[in-house]
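Participant: So for the sequence shown, the working numbering puts the first residue at 136; every next one is plus one. Note that beta-carbon positions come from the ideal geometry of N, C-alpha and C, so glycine has one too. Remember, it's a predicted structure, so these values are computed and weren't measured experimentally.
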Amino acid sequence: MRYSVRGRATLLTVAVSAVILMGALPLAGWVLRDWFRNQSQNQTERTVEHRILELKQGARDNPLPVGEDEADLIQVVAPDGRVLAASPEMRGRPALVVPGGSVLVNRKECPRYQYRCVWAYGVRLSDSVYRGDVMVIAASPLPLLTGLPLLVPIMLLFLLAVLALIAGWTWRTVGLALNPVERIRAEMSEIEAGDLSRRVPVPHGGGILVRLAETVNDTLARLEESSGRERRFISDASHDLRNPISGLQMRLEVALGEPEDHQLRPMVQAALVDVGRLTDIVEDLLELSRLDSRAPLPVERVDLARLVRREVERRSAGVTITTRLESGVFVRAAPVRLARVLNNLLSNAERHAESRVEVALTRERGQARLEVLDDGAGIAEDARERVFERFARLAESRDRDPRGTGLGLPIAREIAEMYGGTLTIQDSRKGARFVMSLPLDTE
C-alpha cells in the first residue's frame, strides 16, 4: 500500500511522537503521583504535629479542630482500635488504622467508607490527657489519578488524544506546505504541447519550492522556444518546398506530353509519382504545424450525416462505399478539419479494402460515433496504437500504397482530440474498424 507524501509525513510524525510519549508519559505519571503523595504526607505530618502539641498542652476537644492547611481526617485512636476523638468528618467512623504496637504509621489506606484511598500518617503518644498510649492519626485523600488501576487507562486515553491532535496538526501543516506543489502540479497537468506559454505559480517567500517553480518555468520557457523553432522550421520548410515541387511537377507533366515512344517517359512517370508523394508530405506537414500551434479555425454546428454524404459523393469511383447514417447528429467543430478526418479515414480504408468500405454514424451516451470499416486484412492488435504515430507505416501499407506519408491517421486523431473526442481502432470480424467519438451538440 502506497501513501502520499502528506500521509507518510503524518504517519512518521505520529510514530515518533508515540515513541517519545510512551516513554515520557509513564515517567510523568510516576512523578505526578509521587508529588501528590508528598503533598499529602507533608500535610498529614503537620496536622499530627499540631494535634500532638495540643494534647500535650491538655486539650481534649472532641470533635478535634481542623486548622488551615491541615488534613480534614483526624483521629485519636487507642491501641485496641477505639476512636477516642475525631475531626467532624470522621465522627462515628471506625479507626483508619488500628495501631496495635506500632509507633509510627505512614502508608496508603483504602477504608471502605471512603470513596477513595487516603495517605495516613500516625504517631504514638505515651504522655497525653487520655492516660495511656494513643495514636494521633491524620489522613489526606489521594487524587484518583494516583491509583495505578485508573492511572494506566487515563494515560492511554491522554496518549491517544495527544496523538490524534498531533496527527491532525501534522496533516494540516504538511497540506499547507504542499499546497504550492499541488498548484504547480495542477498547472502542469493543464499545459499541453500546443500551448507552452503557460507558467506555474511561484510561491511567496523563498526556499526550495520557489526554486522548484522557477526551474519549472525556465524549463517551460526553453521548451516553448524550442517548440516554436521546430514549428517555424516545419512551416518555413513546407512553404519553401511547395514552389519548387510545384514547378518540378509542372515540368514533368510537360515532359510527359512528349510522344508515347519517348525513352524518358517511364522515368518521368516515376518522377511524377515521387513528386506527388512529396506534395502530400508537405501538405500533411503544414497541417501538423497548424495543429501543433493550435491555429484556430471557425467552429460551427456541423451535421455529421450531411458531411459524410458530401465527402462520399466526392470520391472517385473505385471501392464501393456504403453508409448507415443516423440523422440529427450534430457536433461543434471546424467543418474543414472534420472533412480532413473523414477523407483520411476513407483513403486509408480504400487502400486496404478488398471490395467495400462501410461508414456508420450513430449517437451513443451523449457522443456522436462515426465508424469507418473495410473488409481488408485488418490491423494486428499490437499495432493499433503504432499506426497513430507520425510517419509510422506498417509493411502491408507500404506495399499497397507507396505514396502514403504515414501522417494521415496521426492528423485524424489529433483533430478528434482537439474537439474533445477520440479516434481508436476496435475489434471487427473482418478488416479494420476505425471509431471516432465526438461530444454531441444538443443546442
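Could you check if P336 belongs to the surroundings of the ligand ATP, using beta carbon to heavy atom distance under 8 Å?
Facilitator: As far as ligands go, the structure on display features none, and thus does not contain the ligand ATP.
Participant: Under the assumption that L187 contacts V271 (Cβ atoms under 8 Å), give the Cβ distance between them as a whole number of angstroms.
Facilitator: In the sequence shown, the residue the question calls residue 187 occupies position 52. In the sequence shown, the residue the question calls residue 271 occupies position 136. Position check: residue 187 holds Ile in this sequence, whereas Leu was assumed. Going by Cβ atoms, the distance from I187 to V271 rounds to 5 Å, so yes, they are a contact pair.
Participant: Suppose contacts are defined by Cβ-Cβ distances below 9 Å. Is L477 in contact with L442 by that definition?
Facilitator: For the purposes of this step, residue 477 is identified with residue 342 of the sequence shown, where counting begins at 1. For the purposes of this step, residue 442 is identified with residue 307 of the sequence shown, where counting begins at 1. For L477 and L442, yes; Cβs fall inside 9 Å.
Participant: Of all the beta strand (DSSP E) runs that stay within the bounds of the segment 452 to 540, which reach a length of 3 or more residues?
Facilitator: Counting only runs of 3 or more, we get 455 to 460, 465 to 468, 491 to 499 and 502 to 509.
Participant: Can you name the residues that DSSP bridges to V447?
Facilitator: Position 312 of the sequence shown holds residue 447. DSSP lists no partner for V447.
Participant: Thinking C-alpha only, which one of L558, V471, G463 and E422 is nearest E446?
Facilitator: Counting from one through the sequence shown, the residue named residue 446 turns up at place 311. It is V471.
Participant: Round the Cβ separation of L219 and Y265 to the nearest angstrom and send it over; I've been treating them as touching at under 8 Å.
Facilitator: As a working note, residue 219 is residue 84 in the sequence shown. As a working note, residue 265 is residue 130 in the sequence shown. Yes, L219 and Y265 are in contact; Cβ-Cβ is about 6 Å, under 8 Å.
Participant: Where L586 and G363 are concerned, what is the direct C-alpha to C-alpha distance, given to the nearest angstrom?
Facilitator: Any question about residue 586 goes unanswered here, given that the chain covers just 136 to 578.
Participant: With three or more C-beta pairs closer than 8 Å as the rule, is the segment 187 to 196 touching the segment 156 to 176?
Facilitator: Cβ pair count under 8 Å is below three, so no.
Participant: From the DSSP output, read off the bridge partner residues of P438.
Facilitator: The sequence position of residue 438 within the sequence shown is 303, counting from 1. Looking at the sequence provided, one finds Asp at residue 438 rather than Pro. Beta-bridge pairing links D438 to F465.
Participant: In the DSSP assignment, find the unbroken beta strand (DSSP E) run with K243 in it and report its ends.
Facilitator: Numbered from 1 along the sequence shown, position 108 holds the residue referred to as residue 243. Note, K243: beta strand (DSSP E), L239 to E244.
Participant: Where does I514 land, buried or exposed, given buried means 16+ other C-beta within 10 angstroms?
Facilitator: Reading the sequence shown from its first residue, position 379 is the one you call residue 514. The residue is buried, with at least 16 neighbouring Cβ atoms inside 10 Å.
Participant: What is the DSSP secondary structure of S263, counted as helix, strand or coil?
Facilitator: For the purposes of this step, residue 263 is taken as residue 128 along the sequence shown, with counting starting at 1. Coil, per DSSP.
Participant: Would you grab the beta carbon distance between G463 and A488 for me? Rounded to a whole angstrom, and I think it's under 8 Å.
Facilitator: Here residue 463 refers to the residue found at position 328 when the sequence shown is read from its first residue. Here residue 488 refers to the residue found at position 353 when the sequence shown is read from its first residue. At roughly 29 Å, the Cβ-Cβ gap does not stay under 8 Å, so G463 and A488 are not in contact.
Participant: For S139, does the count of other Cβ atoms within 10 angstroms reach 16, so buried, or fall short, so exposed?
Facilitator: Locating residue 139 in the sequence shown gives position 4, counting from the first residue. S139 should be labelled exposed.
Participant: According to the Cβ coordinates, are A607 and Q210 closer than 9 Å?
Facilitator: One cannot answer for residue 607 here, as it falls past the ends of the chain, which runs 136 to 578.
Participant: Based on the DSSP secondary-structure assignment, which residues constitute the bridge partners of T559?
Facilitator: Mapped onto the sequence shown, residue 559 falls at position 424. DSSP lists V570 as partners of T559.
Participant: Assess contact between the segment 310 to 321 and the segment 342 to 355, defined as three or more Cβ pairs (one per stretch) separated by less than 8 Å. Is contact present?
Facilitator: The segment 310 to 321 is in contact with the segment 342 to 355.
Participant: Let me check understanding here. Comparing Cα to Cα, which of L208, D562, T457 and M157 lies closest to V297?
Facilitator: Along the sequence shown, one-based indexing puts residue 297 at 162. Among L208, D562, T457 and M157, the Cα nearest to that of V297 is on M157.
Participant: Since R504 and T497 are thought to touch, with beta carbons under 8 Å apart, how far apart are those beta carbons, to the nearest angstrom?
Facilitator: What you label residue 504 is simply residue 369 of the sequence shown in a count that begins at 1. What you label residue 497 is simply residue 362 of the sequence shown in a count that begins at 1. Indeed they touch by this definition, with Cβ atoms about 5 Å apart.
Participant: At what residues does the beta strand (DSSP E) containing Q178 begin and finish?
Facilitator: Within the sequence shown, numbered from 1, the residue matching residue 178 stands at position 43. No beta strand (DSSP E) contains Q178, which is instead part of the alpha helix (DSSP H) from V140 to K191.
Participant: So is S275 in contact with chain B if we call contact Cβ pairs under 9 Å?
Facilitator: In the structure shown, chain B cannot be found, because there is only a single protein chain.
Participant: Specify the secondary structure class of I326 as computed by DSSP and reduced to three states.
Facilitator: Taking the sequence shown and counting its residues from 1, one reaches residue 326 at position 191. Reduced to three states, the DSSP call for I326 is coil.
Participant: What span of residues does the alpha helix (DSSP H) with M270 cover, start to end?
Facilitator: Position 135 of the sequence shown, counted from the first residue, corresponds to residue 270. Where M270 is concerned, there is no enclosing alpha helix (DSSP H), although the beta strand (DSSP E) it sits in stretches over V269 to P276.
Participant: Please identify the residue among R228, S324, E552 and L239 whose C-alpha is closest to the C-alpha of V570.
Facilitator: Counted from its first residue, the sequence shown places residue 570 at position 435. Nearest C-alpha to V570: E552.
Participant: Taking all protein chains shown into account, decide if N197 is buried (16 or more other Cβ within 10 angstroms of its Cβ) or exposed.
Facilitator: What you label residue 197 is simply residue 62 of the sequence shown in a count that begins at 1. Its Cβ having fewer than 16 others within 10 Å, N197 is exposed.
Participant: Near L239, which residues of its chain fall below 8 Å by C-beta distance, leaving aside the five closest residues on each side in sequence?
Facilitator: Walking along the sequence shown from the start, residue 239 turns up at place 104. Taken in chain order, the residues that qualify are G257, V258 and R259.
Participant: Can you list, in chain order, the residues of its chain with a C-beta nearer than 8 Å to that of A144? Leave out the 5 residues immediately preceding and following it.
Facilitator: Taking the first residue of the sequence shown as 1, we reach residue 144 at position 9. Taken in chain order, the residues that qualify are T305 and V309.
Participant: Which two residues bound the contiguous beta strand (DSSP E) that contains A220?
Facilitator: Here residue 220 is taken as the residue at index 85 of the sequence shown, counted from 1. That run of the beta strand (DSSP E) goes V218 to A221.
Participant: Buried or exposed, going by whether 16 or more other CB atoms sit within 10 Å of the CB of M323?
Facilitator: By 1-based counting over the sequence shown, the position of residue 323 is 188. With fewer than 16 Cβ atoms within 10 Å of its Cβ, M323 is classed as exposed.
Participant: Between S275 and S152, which are expected to be in contact by the criterion C-beta below 8 Å, what is the C-beta distance as a whole number of angstroms?
Facilitator: As a first step, residue 275 must be located in the sequence shown, where it is residue number 140. As a first step, residue 152 must be located in the sequence shown, where it is residue number 17. In fact, because the Cβ distance is near 36 Å, the residues do not count as touching under 8 Å.
Participant: From this set, S332, F526, D207 and F171, which residue's C-alpha is nearest L423's C-alpha?
Facilitator: Your numbering for residue 423 matches position 288 in the sequence shown. The candidate whose alpha carbon is nearest that of L423 is F526.
Participant: Mark L544 as exposed unless 16 or more other C-beta atoms lie within 10 angstroms of its C-beta, in which case mark it buried.
Facilitator: Start at 1 with the first residue of the sequence shown, and residue 544 comes out as number 409. Buried is the call here.
Participant: Tell me whether A206 sits in a helix, a strand or coil according to DSSP, three-state version.
Facilitator: Sequence index remark: in the sequence shown, residue 206 carries index 71 (1-based). In the structure shown, A206 sits in coil (DSSP, three-state: anything other than H, G, I, E or B).
Participant: Beta-carbon within less than 8 Å of L575's beta-carbon, same chain only, minus the 5 sequence neighbours each way: which residues are those?
Facilitator: Locating residue 575 in the sequence shown gives position 440, counting from the first residue. Same-chain partners within the cutoff: V464, F465, V466, R498, G501, Q502 and A503.
Participant: May I ask you to list the residues that DSSP assigns as paired with A255?
Facilitator: For the purposes of this step, residue 255 is taken as the residue at position 120 of the sequence shown. For A255, which the question treats as bridged, DSSP gives the partners R242 and A274.
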